[in-house]
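*Asks:* Submitted below is the structure of interest, expressed as structure tokens.
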Amino acid sequence: MLAVTLCLGTLIYVQHANSLIVDNDMQTAVKLSEIAARFDHEDGNLYRLLVDASANGRAADSDTRLADIRHRINQISADLAGQRDVLDPEDSYRATRAVAELGKYDDAVGVVSSMLEVDFTASVTMLRPFRSNADRVLAEVKAIAASGIADAHHHAEDAAWRTRWLVALVTVAVLVVAGLSYAWLALAAERGVQLREEIQRRSVAEQEALLLARTDALTGLINRREFGNALELAIDAATTAGSGLSIVLIDLDGFKDANDTHGHAAGDTVLMAVAHRLHSICGDHGIIARLGGDEFAILVPDEKDMNGGMALARQASSVLHQPLSWRSNMITVGASIGVSRFPEDGAAASELLHAADIAMYEAKRDSKGGVCLFSPSMEAARFERRRMEQELREGIALDQVKPFYQPIVRFSDGGLCGFEILARWQHPRLGLLTPDAFIRLADSTGQITAMTHSILRQACIDARHIPAHLRLALNISPTQFEEPGLAETLIAIILAEGVSPARFEIEITEDAVMDDIVAAERVLATFRNSGMTVALDDFGTGYSSLSNLRRLRFDKIKIDQRFVKSLTASVESEKLVDAIIALALSFGMKVTAEGIEDASAAEMLLRKGCTQGQGYFFGKPASFGEVASLLSLPREVAA
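Here's what the structure looks like:
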């Protein structure tokens, strides 16, 4: 009885010890697999951020996002270092090397993030060792995890053999005490089954973790890293075979609006529908990936005539524009698509992706929903645009963007009643530039506000020397009109320069006030309360209704120059101008006709009752020095 008890006790102890050893090995391996998956995910995020920065310039939140990713990667390094104590000496040494590689990886991030934005060729050169470093880290961590799995299986096998010997010993004792021995043997056998099942379960979990590291969980498509690996293999195969391939890069248009309007569940449905539609047009001829967010990519290999990529891109554009049903609502998203080709547009995977990215943004810039094939001129154009963007930022800070003044004349007596403030950029490299060369750039890059503040400040300084009865009209873009505190900021600038706001008139276009009439009414009331007047610019080109004109109480309507320039030659333009003048006068508003270039148009507008005129017939936009001479101001003021 004592022998049976000792044998059974030994069996239980050995089984428990073996279980702890195997559990510990498997937990360590799973943790290392999770660390590998986390690093793979963060490295993909970082790669996307760096490529976006190289294609579009550094966004406002790029530094914050980069710092967050680097912090998480440093945390991954710390977690990996924390696992070294539970590893065997060889794996511990390998983990130490991986931690050291992560340190080098973090140092490389700062260098590559700056190089990507400066020079495309140099950035590609820097990306190659950067990618190799990331792959070495990932491979090392996965190898350590695999070693842990192997250790677990080895320990489990050893445990099985020890169990067999102990079971044989206990079996002899069972012959003496059959009942008691049978009960303990049943318990041991059950524990053995559970141990094998646990090993199998954790092995399956590891395979699932590795699968998640390669695929997108929502759509089931491969992720950015796996797509990069497939692209490199395809490039090698195409190089050997002397064939070509194409990259089709897809960015959804309107996805954010659909997500915000219908919720994240609708957004997920859209992404899954996009994946399904791309599968329907690609079939087996192409590798589809979700690179992140609402961006997808297709690898089209083995192209003979090099037209397959563009044909597939146009087909994808057509399919993705089809509406999607969601809970009795119809959701419509489009896609801007860029295409690059191997070997014409690059010899490396990063070069091809960068070229496709440039083509995609060119398609988005020209008209959302388009398809664009990369050409080297796009890279040059984007470089020039980024150069102009930086020069504009510096020019605004140095007051190189200056106010010019175009006279506004009363029709009743031909007297001067004020000036419209127009921007001119005295570019140190390109000379004097008119607004059509830089206003859209300033608006799209968020510099329009700083430019308006600078021009208004300079105009206030000039206004101190301009007779007080002459008013100055300042244009506000629709983008600026949406800014909180717009009116208060402009009024504060005027007051800070010691000028009365009553000397200024604010000009806005119809589309600036249409989205939110209530907010527009509040902003215009703030301007009026300070003494400013408000004019509706380019009237006749937008969507203003009579109720909005009455509710917003504009002080003046400006007739768009397109109608004025065709006034003497077009009956339709004449009828439209008559209607606008009659409408404005019925509301008690003044009317300014823009674009007057000859005496016949001026005489015609005078007869029709137009109150003010503006255009080359009365004077071109001029610098303050020229205006001062026109007004016969003292010479020191004109200077």
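Residue numbers (this note's numbering): 6 to 644. C-beta atoms are modelled at their ideal positions from N, C-alpha and C, and glycine is treated no differently.
From what residue to what residue does the alpha helix (DSSP H) around residue 530 run?
*Replies:* From DSSP, the alpha helix (DSSP H) with residue 530 extends over 522-534.
*Asks:* So for residue 345, helix, strand or coil by DSSP?
*Replies:* strand
*Asks:* Given a cut-off of 8 Å on the beta-carbon distance, is the pair residue 292 and residue 246 in contact?
*Replies:* At the C-beta level, residue 292 and residue 246 stay beyond 8 Å of one another.
*Asks:* Helix, strand or coil for residue 615 per DSSP?
*Replies:* coil
*Asks:* Select from 579, 82, 349, 388 the residue whose C-alpha is nearest the C-alpha of residue 41.
*Replies:* 82
*Asks:* Return the first residue and the last residue of the beta strand (DSSP E) that residue 478 is part of.
*Replies:* 476-480
*Asks:* Can you tell me whether residue 632 is buried or exposed? The criterion is at least 16 other CB atoms within 10 Å of its CB, across all chains shown.
*Replies:* That one is buried.
*Asks:* If I measure Cβ to Cβ from residue 233 and keep anything under 7 Å in the same chain, skipping five residues before and after, which residues do I get?
*Replies:* 354
*Asks:* One question on the structure: do residue 463 and residue 542 come within less than 8 Å of each other, judged by their Cβ atoms?
*Replies:* no
*Asks:* Name the residue from 367, 585, 275, 70 whose alpha carbon lies nearest to the alpha carbon of residue 257.
*Replies:* 275
*Asks:* Got a sec, what are the start and stop residues for the beta strand (DSSP E) residue 427 sits in?
*Replies:* 421-432
*Asks:* Whole angstroms is fine: what's the gap from residue 370's alpha carbon to residue 264's?
*Replies:* 22 Å
*Asks:* Determine the direct distance from the alpha carbon of residue 629 to that of residue 471, and round the result to whole angstroms.
*Replies:* 10 Å
*Asks:* With DSSP as the reference, identify every bridge partner of residue 563, one or two as the case may be.
*Replies:* BP columns for residue 563 point to 597.
*Asks:* Taking only the alpha-carbon atoms, compute the straight-line gap between residue 46 and residue 67 and give it to the nearest angstrom.
*Replies:* 18 Å
*Asks:* Could you pull the start and end residues of the alpha helix (DSSP H) that residue 246 belongs to?
*Replies:* It spans 229-246 - the alpha helix (DSSP H) in which residue 246 sits, taken as one unbroken run.
*Asks:* Strictly by DSSP, which residues pair up with residue 408?
*Replies:* Paired residue(s): 428.
*Asks:* Starting from the C-beta of residue 379, find all residues in its chain whose C-beta is less than 7 Å away, skip the five residues before and the five after it, and write them out in chain order.
*Replies:* 343, 344, 345, 350, 360, 361, 363, 364
*Asks:* If you measure between the beta carbons of residue 508 and residue 468, is that distance less than 8 Å?
*Replies:* yes
*Asks:* Do you know offhand how far residue 577's Cα is from residue 517's?
*Replies:* 26 Å
*Asks:* If contacts are defined as beta-carbon pairs under 8 Å, then residue 88 and residue 33 qualify, I think. What distance do you get, rounded to the angstrom?
*Replies:* With a contact defined as Cβ atoms closer than 8 Å, residue 88 and residue 33 qualify at about 6 Å.
*Asks:* Check whether the Cβ atoms of residue 604 and residue 623 sit closer than 8 Å, and answer yes or no.
*Replies:* Contact: no.
*Asks:* Would the region 439-455 count as touching the region 592-607 if we require 3 or more Cβ pairs under 8 Å?
*Replies:* no
*Asks:* Since residue 255 and residue 340 are thought to touch, with beta carbons under 8 Å apart, how far apart are those beta carbons, to the nearest angstrom?
*Replies:* 5 Å
*Asks:* Excluding sequence positions up to five away, which residues of its chain have a Cβ less than 7 Å from the Cβ of residue 347?
*Replies:* Excluding positions up to five away in sequence, the list reads 240, 243, 249, 250, 357.
*Asks:* From what residue to what residue does the alpha helix (DSSP H) around residue 79 run?
*Replies:* 67-87
*Asks:* Residue 566 and residue 413: beta carbons closer than 8 Å?
*Replies:* no
*Asks:* Pick helix, strand or coil for residue 129, following the three-state DSSP scheme.
*Replies:* The pLDDT assigned to residue 129 is 49, lower than 50, so where the model puts this residue is not dependable; a value taken from the coordinates is nonetheless given after this. Of the three classes helix, strand and coil, the one that applies to residue 129 here is helix, per DSSP.
*Asks:* Is DSSP giving residue 538 helix, strand or coil here?
*Replies:* strand
*Asks:* For residue 574, does the count of other Cβ atoms within 10 angstroms reach 16, so buried, or fall short, so exposed?
*Replies:* exposed
*Asks:* Measuring only the C-alpha atoms, how far is residue 129 from residue 511?
*Replies:* With a pLDDT of 49 at residue 129, under the threshold of 50, the predicted position of this residue should be treated as unreliable, and no value is reported.
*Asks:* According to DSSP, is residue 471 helix, strand or coil?
*Replies:* coil
*Asks:* Report yes if the CB atom of residue 305 is closer than 8 Å to the CB atom of residue 314, and no otherwise.
*Replies:* yes
*Asks:* On the CB-based measure, 16 or more other CB atoms within 10 Å of its CB, does residue 187 come out buried or exposed?
*Replies:* It is exposed - the Cβ of residue 187 has fewer than 16 other Cβ atoms within 10 Å.
*Asks:* On a Cα-Cα basis, can you pick out the residue from 301, 146, 142 that is closest to residue 223?
*Replies:* When the alpha-carbon of residue 223 is set against those of 301, 146, 142, the nearest one is in 301.
*Asks:* Could you tell me the distance, in whole angstroms, from the CA atom of residue 429 to the CA atom of residue 391?
*Replies:* The C-alpha of residue 429 lies about 20 Å from the C-alpha of residue 391.
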